[in-house]
Amino acid sequence: MIINNEEFGYVHINTTKPEAEMTEAEIEEIYEYLRKHKKERHKLLEQHRKVMESKITDRTKT
């Protein structure tokens, strides 16, 4: 299955069924998974950024 839209960009997903055989509920489940993963990744990147800024600040203080 290939997703290419503004929300997710270009994503290729290996599924056991061809896209034509998937129900709307299954496709929406994939979208929800991608949305959840995107939020978690954003949260982790934000935490990493804060840690790195803190380390830089600590180094410049001494």
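Heads up: the sequence shown begins at -11 in the working numbering, then just goes up one per residue.
The C-beta atom is built at its ideal place from N, Cα and C for all residues, glycine as well.
Keep in mind the model is a prediction, meaning the values are calculated, not measured.
Within its own chain, the residues whose Cβ lies closer than 6 Å to the Cβ of residue 22, once the five positions on either side in sequence are excluded, are -4, listed in chain order. When secondary structure is reduced to three states using DSSP, residue -9 falls in the strand class. Boundaries for residue 3: no alpha helix (DSSP H) harbours it, and the DSSP string shows neither H nor E there. Ranked by how close their Cα comes to the Cα of residue 18, the residues 0, 30, 32, 31 have 0 in first place.
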